[in-house]
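Single-structure report; data block below.
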DNA sequence: ATTACATGTAATTATAATAGTTACAAGTTG
DNA sequence: CAACTTGTAACTATTATAATTACATGTAAT
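Written out as C-alpha cells, the structure reads:
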C-alpha cells in the first residue's frame, strides 16, 4: 500500500508555480517537469483549485498560487488532493462476528488507536509549508552550482 | 488509499488467541470471529509466525502467542503483516524532469518530510500493545454486562 | 496404518484504485 | 475566426486486495 502520488505531484505543482513565478505555468509546462501527461496535471490542478490553493481559468494559460507560500502546508495539499479519507488511513475489517466478545468489540477498540496514529502523521505534514520545500530546493540548487564551479 | 485490513485482522488474531486462552484457536475458529475465510487467517498467521509473534505447527490445531502480551506492540504486528514498506507510505512520482530545477530536486526535498510523517505514525502504533487492546475489550464487555443487568 | 482433521500454499477470481491516454467541448485572446 | 488552453468524460493497463477452491503435507488417535 502506498498513498497516491497525486500528493507528491500536487506539491510539485505548487512549488513549480512559485519557482517559475513571472512566467506562465501551463499544464503542459508543468507536465514536462513532472514528466507525465498534461491531463493528469489538470486533474490535480482542479483539486488544488477547489481547495482554494491556486487560481486557474478555463482557456487562460497558466496557474497561480492563491495564497501566500507560507500559508500552504503539506497537510493542506494532502487534504486537497484527497489521498486519504478522515479516519480511514487504516482499513478495519467489516462485520466481525457479534457473537464473539472480541468480534463485537474489536472495531471500537482499535479505531481510536488508528485515529491517533493517522493524526500524528497528518500533524507532521501540517508543520511543513510549501515555502519550506521551495527554500530547500533553491538551496540544493545553489549548493550544486557552487560545487560545479569549484570542482 | 487505505492500509490493508491484514493489519486489523492481525491484531484481531492475537487478541482472540489471548481471550480464548485455554481453548484451541484454530484458523476456522478465528475465521468465524473475524468473519472471513480460514485461508485468509492462515496466510496472516504465517506472517505473524515468521515474525515470531505466534507459534503454530502444521497439522496441529491452534495457535499460541510466542511472547508476553505486553511485549507485542501494534507496530510489531504492522511490520509482521507487511502492510507498508519502509519509507514508502507516500508514493513519489518517478522520473521528474532533470532539466528542471524543481524536477531534479523535488524527490530529495520531500522524501525526508514524508519519512518523518511516516515515522510519527509508526511511533504512535509502537506505543500501544496487544495487552492494551485486550484490556480495553474486556472492559467494554464488563461495562456492557453491567448495563444489561441494570437496565 | 488408516482415518479424521489441521496447517501451508499455489492458483484463480472479482473488485477497486491508480496513472496514463485519447477525444472533445468550452473558454479566451489576438 | 484561428490558435491555444483548460475542463472532463471515457477507456485502458497495471497493480493490490480479499475471497475462494484445491490439494499437498503434517499430526494424532484408534
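Chains as they are written, first to last, in the numbering used here: chain A, 8 to 158; chain B, 8 to 158. Note that the Cβ used here is the ideal one computed from N, Cα and C, for glycine as well.
In DSSP terms, what residue i is bridged to
i: residue 157 of chain B; result: For residue 157 of chain B, which the question treats as bridged, DSSP gives no partner whatsoever.
i: residue 177 of chain B; result: It is not possible to answer for residue 177 of chain B, since the shown part of chain B is limited to 8 through 158.
i: residue 10 of chain A; result: B:97
Pair within 8 Å by beta-carbon distance, residue i and residue j
i: residue 12 of chain A; j: residue 99 of chain B; result: yes
i: residue 144 of chain B; j: residue 42 of chain A; result: no
i: residue 70 of chain A; j: residue 117 of chain B; result: no
i: residue 72 of chain A; j: residue 88 of chain A; result: no
i: residue 37 of chain B; j: residue 76 of chain B; result: no
i: residue 94 of chain B; j: residue 114 of chain B; result: no
i: residue 130 of chain B; j: residue 131 of chain A; result: no
i: residue 21 of chain A; j: residue 67 of chain A; result: no
i: residue 34 of chain B; j: residue 49 of chain B; result: yes
C-alpha distance - residue i paired with residue j, whole-angstrom precision
i: residue 19 of chain B; j: residue 10 of chain B; result: 15 Å
i: residue 123 of chain A; j: residue 91 of chain A; result: 15 Å
i: residue 82 of chain A; j: residue 133 of chain A; result: 5 Å
i: residue 146 of chain A; j: residue 102 of chain B; result: 21 Å
i: residue 2 of chain A; j: residue 153 of chain B; result: Outside the shown range of chain A, which is 8 to 158, sits residue 2 of chain A, and nothing can be said about it.
i: residue 64 of chain B; j: residue 44 of chain B; result: 19 Å
i: residue 55 of chain A; j: residue 79 of chain A; result: 11 Å
i: residue 58 of chain A; j: residue 74 of chain A; result: 11 Å
i: residue 141 of chain B; j: residue 24 of chain B; result: 10 Å
i: residue 119 of chain A; j: residue 105 of chain A; result: 19 Å
i: residue 31 of chain B; j: residue 46 of chain B; result: 17 Å
i: residue 107 of chain A; j: residue 97 of chain A; result: 23 Å
i: residue 51 of chain B; j: residue 17 of chain B; result: 7 Å
Heavy atom of the ligand ZN within 7 Å of residue i beta-carbon
i: residue 104 of chain A; result: Annotation note on the ligand ZN: not contained in the displayed structure, which lists no ligands.
Quick one, which residues of the region 57-74 of chain A are near chain B if we go by CB-CB under 7 Å, in chain order? The residues in question: there are none.
Pull out every residue of the region 92-106 of chain A whose Cβ sits closer than 7 Å to any Cβ of chain B, in chain order. Under the 7 Å Cβ criterion, the region 92-106 of chain A contributes 95, 96, 97, 98, 99, 100, 102, 103, 104.
Would you list, in sequence order, the uninterrupted alpha helix (DSSP H) runs of no fewer than 4 residues that lie entirely inside the region 72-142 of chain B? For the region 72-142 of chain B, whole alpha helix (DSSP H) runs of length 4 or above, ordered along the chain, are 81-87, 113-133.
Return the residues of the region 16-34 of chain B that lie within a Cβ-Cβ distance of less than 7 Å from chain A, sorted by chain order. Cβ contacts with chain A come from 16, 18, 19, 22, 23, 26.
Residues from the region 38-56 of chain B in contact with chain A, defined by Cβ distance under 8 Å: Residues of the region 38-56 of chain B whose Cβ lies closer than 8 Å to any Cβ of chain A, in chain order: 39, 40, 41, 42, 43.
Closer than 8 Å between beta carbons: that is the criterion. Which residues of the region 75-90 of chain B meet it against chain A? Residues passing the 8 Å Cβ filter: 81, 90.
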